[in-house]
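Trainee: Below: one structure in structure tokens.
Numbering (UniProt numbering), first residue to last: 1 to 67.
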């Protein structure tokens with residue numbers, strides 16, 4: 001039962017390229033980008049009141065393009 005529960009959530013994130021080191025560098029920024037992407041895939045925007053995850057993700061991605 002528990003396996004099916006987690007699988008249903010994790011299947012929503014199967015298209016994320018975890019090997020992309022440019023997008024997910026081994027740093028706090030990379031960890032935060034990955035966390036926010038996973039969070040948005042598993043719990044899409046609109047599920048949480050006052051949801052600022054997408055804004056924060058966009059800020060982090062802009063910062064990584066313009067260090």
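The beta-carbon is built from N, C-alpha and C at its ideal position, and this holds for glycine as well.
Quantities reported herein were computed from a predicted structural model and do not represent experimental measurements.
If you drop the 5 nearest sequence neighbours on each side, which residues of the same chain put their C-beta closer than 8 Å to that of residue 10?
Mentor: Counting only Cβ-Cβ distances below 8 Å, and skipping sequence neighbours, we find 42.
Trainee: Determine the DSSP secondary structure at residue 30, reduced to helix, strand or coil.
Mentor: DSSP places residue 30 in helix when its eight states are reduced to three.
Trainee: What is the residue span of the alpha helix (DSSP H) that residue 63 lies within?
Mentor: First-last of the alpha helix (DSSP H) with residue 63: 53 to 65.
Trainee: With DSSP run on the structure shown, which of helix, strand or coil describes residue 37?
Mentor: Helix at residue 37.
Trainee: Just the C-alpha distance for residue 30 and residue 7, rounded to the nearest angstrom, thanks.
Mentor: So the two alpha carbons sit approximately 24 Å from each other.
Trainee: In whole angstroms, give me the CA-to-CA distance for residue 23 and residue 61.
Mentor: Straight-line Cα distance between these residues: approximately 8 Å.
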